[in-house]
Amino acid sequence: MEQKKIIVAIDGHSSSGKSTMAKRLAAEVGYVYVDTGAMYRAFALHCVRLGVMDEQNIEEPKIPEVIGKTAISFAIVDGRQHTLLNGEDVESEIRTLRIGNCASRISALPIVREAMVNAQQKMGMEKGIIMDGRDIGTVVFPSAEMKVYVTASEEVRAERRFLELKAKGEQPTMEAVLADVRDRDYRDTHRAVGPLKKADDAFVLDNTYLNQEEQYTLLRLYFKSLSGL
Ligand code: DC
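Using my numbering, you'd call the opening residue of the sequence shown number 27 and step up by one each time.
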């Protein structure tokens with residue numbers, strides 16, 4: 027089968043496991059991996075640091091100025107992809123529950139989405155890219171050759187997030203994490219611009235009852251059938 031470079035768009039709910047399998051596929055096939063959630067998180071962190079947002083409020087008139095002062099990039103540190111905010115490694119700071127929440131709020135603003143989507147489209151110009159997020163198959167790359175929509179039950183996702191946060195030294199309760207998953211699902215699927223929704227031509231991967239190996243096998247086979255690699 028002839029090989030061709032494609033764009034892989036992976037969308038799905040928070041804690042659906044999409045980043046883990048997207049990263050693994052990118053490493054195996056030599057594609058660039060872009061975690062767009064990390065971009066929204068880094069932008070939210072910048073807004074929090076500058077005092078223009080917190081978990082309750084956003085000072086919207088100040089956001090365009092912050093966009094102009096924000097450069098988000100990625101670097102490989104000890105073999106893992108880290109997110110940089112104006113050159114500073116913010117990888118661990120952006121992974122907290124609080125910044126995830128702020129990212130979910132700030133990402134509802136059309137002006138923020140426009141800036142992020144533009145940057146993401148530039149990254150994909152040469153193809154050979156795997157991007158994960160909420161609107162990749164619908165808005166960023168509507169003509170991506172491969173689209174996957176990843177999901178799992180709320181309870182399973184809350185449990186995964188709970189374990190992840192505990193491993194990082196946070197002390198969440200299961201109730202708080204489940205409430206956060208529900209809140210975030212609601213906001214991610216109900217915003218006016220770029221809401222999370224399945225693209226008509228996306229392959230649905232519900233991993234409620236799949237382990238990581240099983241789900242990766244499905245993803246890998248689907249990729250091979252489209253790229254020949
Ligand atoms: O995937 P994540 O949990 O790291 O994403 C954090 C937030 O960023 C998520 O709640 C919604 C937002 N996001 C978005 O609006 N669009 C994307 N393409 C990726 C993330």
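Cβ coordinates follow ideal geometry from the N, Cα and C atoms, glycine included.
Excluding sequence positions up to five away, which residues of its chain have a Cβ less than 6 Å from the Cβ of residue i?
i: H108; result: A101, D115, E117
i: I162; result: A35, D37
i: V207; result: E180, R183, A184
i: V203; result: A184, R187, F188
i: L255; result: Q29, V55
i: N112; result: A97
i: V60; result: M149, M157
i: A178; result: S42, N233, T234
i: E85; result: V78
i: R213; result: S130
Along the chain, where does the beta strand (DSSP E) that runs through residue i open and close?
i: A178; result: It is not in any beta strand (DSSP E) - A178 carries neither H nor E in the DSSP assignment.
i: G126; result: Here G126 belongs to no beta strand (DSSP E); instead the alpha helix (DSSP H) covers 123–132.
i: V74; result: Taken as a continuous stretch (DSSP letters only), V74 belongs to no beta strand (DSSP E), being part of the alpha helix (DSSP H) at 62–75.
i: M157; result: 155–159
Tell me, which residues are paired with residue i by DSSP?
i: V103; result: R106
i: F229; result: V174
i: M142; result: Paired residue(s): none; M142 is not in a bridge.
i: I137; result: BP columns for I137 are empty, so no partner.
i: L111; result: I98, E114
i: Y59; result: I156
Of all the options the options, which has the alpha carbon lying nearest to the alpha carbon of residue i?
i: I156; options: T122, S41, V55, G43; result: V55
i: R50; options: V203, Q238, F229, S251; result: Q238
i: A68; options: I125, A193, D227; result: I125
i: L247; options: E190, M172, K223; result: M172
i: K194; options: E119, V138, P87; result: E119
i: E196; options: R160, E152, T122, F249; result: T122
i: C73; options: G63, T62, K88, A64; result: K88
i: S99; options: K223, V165, Q241, Y66; result: Y66
So residue i is in the alpha helix (DSSP H); what residue range does that whole segment cover?
i: D209; result: 200–216
i: V92; result: 89–94
i: V34; result: Not the alpha helix (DSSP H): V34 falls in the beta strand (DSSP E), residues 33–38.
i: Q238; result: 238–253
i: T46; result: 44–55
Just to confirm my understanding: we take residue i, look at its own chain, exclude 5 residues before and 5 after, and list those with CB closer than 8 Å. What are they?
i: L245; result: M47, L51, V174, L231
i: K192; result: P198
i: A134; result: R213, R217, A218, V219
CB of residue i to nearest heavy atom of the ligand DC: below 6 Å?
i: T62; result: yes
i: Y212; result: no
i: S40; result: yes
i: A129; result: yes
i: R106; result: no
i: G159; result: yes
i: S2; result: Summary: the structure shown does not reach residue 2, with the chain confined to residues 27 through 255, and so no result is reported for it.
i: Y66; result: yes
Is residue i close to chain C? Criterion is C-beta to C-beta, closer than 7 Å.
i: S130; result: This model lacks chain C altogether; it includes just one protein chain.
For residue i, which residues in the same chain have their Cβ closer than 7 Å to its Cβ, ignoring the five residues on either side in sequence?
i: E81; result: R124, N127, C128
i: D227; result: K173
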